[in-house]
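Undergrad: Below is the structure I would like to discuss, written out as structure tokens.
Number of protein chains: 2
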Amino acid sequence: MARPREFDTDDAIKRATAVFWEKGFLESSLPDLLDGMGLTRGSLYKAFKDKKNLFLLVLEHYEEEAVGAAKARLTDADVPDGRERIISLFAALCAAVTAGDTRGCLLCSAAAGFEMSDPEIAGAVEKGMRGIRDGFEAALRASPTHRALPDAERKALANVLLTQYIGLRVLARSRMPLGILEQSVESVARLLDMEPA
Amino acid sequence: MARPREFDTDDAIKRATAVFWEKGFLESSLPDLLDGMGLTRGSLYKAFKDKKNLFLLVLEHYEEEAVGAAKARLTDADVPDGRERIISLFAALCAAVTAGDTRGCLLCSAAAGFEMSDPEIAGAVEKGMRGIRDGFEAALRASPTHRALPDAERKALANVLLTQYIGLRVLARSRMPLGILEQSVESVARLLDMEPA
DNA sequence: AGAGTTTGGAACCATTCAGTACAATACACG
DNA sequence: CGTGTATTGTACTGAATGGTTCCAAACTCT
């Protein structure tokens, strides 16, 4: 009945994610996207309406993929101790940087940037952040040391972890040789081993 | 022997700082700067060479002013307990946000953005970050609870505080109603009250 | 062949960009 | 005063860049 699409939509979004992740929303030009996605203007606008809409789809995909992976790690029932799940998340993060991945976190970069003045984008970013925080909270609930904590305190600790997460990912992206990432896992571990005085 | 400058250089840099702080380096256009600084193209190029050079001067000024204020608070001998100095820093930060200042931190935004691909800018940002970290470390040395810590552990804690600082300032800028800033002071206090298990 | 989509890419139009040239202007000093 | 020197405003550059639209040609399936 009609000419079929030559590209796979999900794959195109995946490629778009790579571009936006590398450069951010505002700094990614249409040619950048066209190159990265391997399609032409007409196709992009036909399939994704416009740049912002594409970015919203990318955020959605990033949430499912990257945020999903983090949440999966934080709620992984195979690791009974939630404390270890958290540590393994930061370890993975650190390993990625060591392996040369200095893209940081798409959400964190967006949060720090100017794209947040758009309410739709801001909403999507916020949703992702809440997801990560929920992951931390879930992991803390599965940690013997923290299970007994009052709800408010556990939430507060989850917030600290999220803040730490954001800070580290910004540092990762900045490529500053501050030596912070290298020992961040240890620091987080110590953070979780501490007890209220 | 010559016509004197009609504007005060330091004042112009101060105004430029406001513009860059609000919008970031890449997002600040020359007209933005011209408006904000109250001078014209010719003057700007004559006095500051170009946009990037102006930004480097702004970073210098920001370091003296904003970072200097933070460091002053962290090394304030009038507050004998370094722990309290740290808490007061985060409290001030939080108060500023509550008062409606959502600009975050010029350094942190730069660190998260694309301007870091310029080595000179990256160097200046890094220097500022080191300054803040040194401030934290100095404060920890003046804290009864942490004075006795081994050097490496104190440095690690300073790194955690710097990371927390960056994360919070990014969150501040993002304007996401996550409720993190509101209780961040308490969290930091708890962080400092904890002891190694 | 015809209906219905997608495709490539030219064309659009606006904006914006950092930077320059230069004439007019203002001051300081001899 | 007047000359030298520096700043100032503005017009101008000329490019490049931005996202978006549009349409004829290509393609698939009935």
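If you're matching them up, the sequences are chains V and B in order.
Its first residue numbered 1, the first sequence is counted upward by one per residue in my numbering.
Its first residue numbered 1001, the second sequence is counted upward by one per residue in my numbering.
For every residue, glycine included, the Cβ atom is placed at its ideal position computed from N, Cα and C.
(1) If we cut at 8 Å on Cβ distances, does F1114 of chain B have a partner in chain V?
(2) Compute the distance between the beta-carbons of A124 of chain V and L59 of chain V, then report whether it is under 8 Å.
(3) Is it right to say R3 of chain V is buried, meaning 16 or more other beta carbons lie within 10 angstroms of its own, or is it exposed?
(4) Do the segment 68-78 of chain V and the segment 27-38 of chain V make contact, defined as three or more Cβ pairs closer than 8 Å?
(5) To which residues of the same chain is L26 of chain V closer than 8 Å at the C-beta, ignoring the five residues directly before and after it?
(6) Just verifying my parser: in three-state terms, what is the DSSP assignment at P1144 of chain B?
(7) Roughly how many angstroms separate the alpha carbons of R73 of chain V and M1176 of chain B, rounded to a whole number?
(8) Determine the closest residue to I180 of chain V out of B:V1170, B:S1043, B:E1126 and B:L1181, with distance taken between C-alpha atoms.
(9) Drop a sphere of 10 angstroms on the beta-carbon of M1129 of chain B, count the other beta-carbons inside from all chains shown, and report buried for 16 or more, exposed for fewer.
(10) What residue range does the alpha helix (DSSP H) around V1160 of chain B cover?
(11) If you draw a straight line from the alpha carbon of D1134 of chain B to that of A1158 of chain B, how long is it in whole angstroms?
(12) Can at least three beta-carbon pairs, one atom from the segment 36-43 of chain V and one from the segment 77-86 of chain V, be found at a separation below 8 Å?
(13) What's the C-alpha gap between G962 of chain B and D1010 of chain B?
(14) If the cut is a Cβ gap below 7 Å, which residues of chain B does M1 of chain V touch?
(15) Answer with buried or exposed for L162 of chain V, where buried requires no fewer than 16 other C-beta atoms within 10 angstroms of its C-beta.
(16) Starting from P1004 of chain B, trace the alpha helix (DSSP H) in both directions and tell me its first and last residue.
(17) Shorter than 8 Å from the beta carbon of G1167 of chain B to some beta carbon of chain V?
(18) Which residues, in chain order, does the segment 138-166 of chain V contribute to contact with chain B at a C-beta distance below 9 Å?
(19) If T1098 of chain B sits next to A1172 of chain B, beta carbons under 8 Å apart, how far is it from one beta carbon to the other, in whole angstroms?
(20) Can you name, in chain order, every residue of its own chain whose Cβ lies under 7 Å from the Cβ of L1089 of chain B, other than the five neighbours on each side?
TA: The answer reads as follows:
(1) Here residue 1114 of chain B refers to the residue found at position 114 when the second sequence is read from its first residue. At least one chain V Cβ lies under 8 Å of F1114 of chain B.
(2) Numbered from its first residue, the first sequence carries residue 124 of chain V at position 124. Numbered from its first residue, the first sequence carries residue 59 of chain V at position 59. The answer is yes: Cβ separation under 8 Å.
(3) As a working note, residue 3 of chain V is residue 3 in the first sequence. Exposed, by the Cβ-count rule.
(4) no
(5) Within the first sequence, the letter at position 26 stands for residue 26 of chain V. So the qualifying residues of the chain are G113, F114 and E115.
(6) Position 144 of the second sequence, counted from the first residue, corresponds to residue 1144 of chain B. Three-state result, P1144 of chain B: helix.
(7) Locating residue 73 of chain V in the first sequence gives position 73, where the first residue counts as 1. Locating residue 1176 of chain B in the second sequence gives position 176, where the first residue counts as 1. Each residue's alpha carbon lies about 25 Å from the other.
(8) Indexing the first sequence from 1 puts residue 180 of chain V at position 180. Nearest option by C-alpha distance: B:E1126.
(9) Looking up residue 1129 of chain B in the second sequence gives position 129. Buried, since its Cβ has 16 or more Cβ neighbours within 10 Å.
(10) In the second sequence, residue 1160 of chain B corresponds to position 160, counting from 1. V1160 of chain B -> alpha helix (DSSP H) spans D1151 to S1174.
(11) Counting from one through the second sequence, the residue named residue 1134 of chain B turns up at place 134. Counting from one through the second sequence, the residue named residue 1158 of chain B turns up at place 158. When rounded, the separation of the alpha-carbon atoms in D1134 of chain B and A1158 of chain B is 8 Å.
(12) no
(13) Coverage of chain B is limited to positions 1001 through 1197, which leaves residue 962 of chain B absent and any answer about it impossible.
(14) Walking along the first sequence from the start, residue 1 of chain V turns up at place 1. Here the premise fails: no neighbours, minimum Cβ distance about 45 Å.
(15) The residue given as residue 162 of chain V occupies position 162 in the first sequence. L162 of chain V comes out buried.
(16) As a working note, residue 1004 of chain B is residue 4 in the second sequence. Neither: P1004 of chain B is in no alpha helix (DSSP H) and is coded neither H nor E.
(17) In the second sequence, the residue the question calls residue 1167 of chain B occupies position 167. Yes, G1167 of chain B counts as interfacial toward chain V.
(18) T145, A152, E153, K155, A156, L157, N159, V160, L162, T163, Q164, Y165 and I166
(19) Sequence index remark: in the second sequence, residue 1098 of chain B carries index 98 (1-based). Sequence index remark: in the second sequence, residue 1172 of chain B carries index 172 (1-based). Contact flag wrong, Cβ pair sits at about 10 Å.
(20) Reading the second sequence from its first residue, position 89 is the one you call residue 1089 of chain B. So the qualifying residues of the chain are A1070, R1073 and L1074.
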